[in-house]
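In my numbering, the protein residues as written are 695 to 1100.
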């Protein structure tokens, strides 16, 4: 079949960019034997350099100049006015220019199904495969980023339409699959289970001079690492309270390094850092390039990923691959994703988070055991495994799609 794919995430978007990049490179490496042809759509004018020697992936740029867009809109308006003059009873319909442009491009190239690497789809006018990472607006609607009337309605309308019309939906865990069935009544046979893959940048990371890296950012040793954009659900607050509790009760001082762009909650977190008298111990690095992210994992005492949202999160897998022990929120689906390779904690309880960190400090054997389990877990499921799982979904649908013409 001919499969349409869109790539367009920016590095600053964090995990979604990492995930999209991982699947793209896996498709380049193993897509030739799939029996399908892939058409990559992008707003970029030039194709990725990886496609220069690849036959199974075609490239289509969706970029159009302002002049081209104006001409196209003028042409459509002229045609509609002429139609109105010929038949005055015809009512003008609101036109979604973006959707029409995308659909025309897909149909003209014979696309039979689209596959969205991240949640969403190119168009619902053709069969499509999509993915779901979380439905937290249904489970935890009190967080402002999902719970305001505007945001909740936007997400609910998006998922109600998307999931009920999707040909197939990819979920990363059984917990995630059951939530799709529970909230949107999607038949179980249309939901496929493909675990989140460990990114290759972490699995195959080159060695680097760590001492120079620490000097570059002026980072102390023995720090706790938390790469997460500053949303309220990321739970920076309870991690900071845990760090303060360790200092006050046990005189254990753990520096904290935060990485991630601000989504509106960072000023509040910085204010709390000052109120807790942790200013000397907390570093805000903002967005960092991937090569620095590797060193941040490798040098950390532990990854403390205490987000309230799940079940699919990439940082624990990245930490596993880079030999960094993990303290992880016990959210729905967490045990499926990480097995016994991390310490699970209640993200609502700072003392529980603190005691997990302390156990890694007190018990060196436990810390080393988690590192070894993490390395083993990281290698179990890669981007190529995920992509090959999608090939099986495409094979299944091909028997259906052959029943009608384009």
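Yeah, the Cβ is synthetic: ideal placement off N, Cα and C, and Gly gets one too.
DSSP bridge partner residues for residue i (one or two, in chain order)
i: residue 1110; result: Here the chain covers residues 695 to 1100 and nothing more, so residue 1110 does not appear.
i: residue 918; result: 950, 996
i: residue 752; result: 733
i: residue 886; result: 864
i: residue 962; result: Residue 962 is not bridged to any residue.
i: residue 699; result: 734, 809
i: residue 1020; result: 997
i: residue 822; result: 808
i: residue 973; result: BP columns for residue 973 are empty, so no partner.
i: residue 924; result: 956
i: residue 817; result: Per DSSP, none; premise fails for residue 817.
DSSP three-state assignment for residue i, whether helix, strand or coil
i: residue 953; result: strand
i: residue 788; result: The predicted model places residue 788 with a pLDDT of 46, which falls under 50 and marks its position as unreliable, so this point remains unresolved.
i: residue 1044; result: helix
i: residue 1037; result: strand
i: residue 827; result: coil
i: residue 747; result: helix
i: residue 809; result: strand
i: residue 1001; result: coil
i: residue 982; result: coil
i: residue 1025; result: coil
i: residue 842; result: coil
i: residue 855; result: helix
i: residue 892; result: strand
i: residue 1076; result: strand
i: residue 1009; result: helix
i: residue 875; result: helix
i: residue 1098; result: coil
i: residue 709; result: helix
i: residue 913; result: coil
i: residue 757; result: coil
Sub-8 Å separation of residue i and residue j beta-carbons
i: residue 820; j: residue 833; result: no
i: residue 975; j: residue 1010; result: no
i: residue 990; j: residue 952; result: no
i: residue 969; j: residue 723; result: no
i: residue 988; j: residue 823; result: no
i: residue 719; j: residue 894; result: yes
i: residue 931; j: residue 972; result: no
i: residue 1091; j: residue 728; result: no
i: residue 954; j: residue 921; result: yes
i: residue 936; j: residue 1044; result: yes
i: residue 1080; j: residue 717; result: yes
Given residue i as reference, the closest of the options once Cα atoms are compared
i: residue 868; options: 933, 1041, 1027, 1046; result: 1027
i: residue 697; options: 711, 723, 747, 752; result: 752
i: residue 812; options: 872, 866, 738, 1053; result: 866
i: residue 1008; options: 1093, 736, 828, 859; result: 828
i: residue 814; options: 805, 837, 855, 831; result: 855
i: residue 839; options: 825, 891, 925; result: 925
i: residue 923; options: 891, 946, 959; result: 959
i: residue 1048; options: 934, 1095, 1089; result: 934
i: residue 1005; options: 888, 1016, 1090; result: 888
i: residue 1062; options: 1031, 1084, 995, 1012; result: 995
i: residue 1052; options: 918, 830, 744; result: 918
i: residue 986; options: 740, 899, 741, 1039; result: 899
i: residue 880; options: 890, 861, 892; result: 861
i: residue 915; options: 992, 921, 942; result: 992
i: residue 750; options: 738, 734, 1034, 859; result: 734
i: residue 1093; options: 717, 837, 737, 807; result: 807
i: residue 803; options: 1074, 944, 1085, 695; result: 695
i: residue 892; options: 1089, 1095, 714; result: 714
i: residue 927; options: 1046, 1032, 1075, 963; result: 963
i: residue 1059; options: 1084, 1081, 1019, 1043; result: 1019
Whole-angstrom C-beta distance between residue j and residue i, which should lie under 8 Å
i: residue 1014; j: residue 1068; result: 3 Å
i: residue 848; j: residue 878; result: That pair is no contact at about 16 Å.
i: residue 908; j: residue 1055; result: Not a contact, Cβ separation roughly 20 Å.
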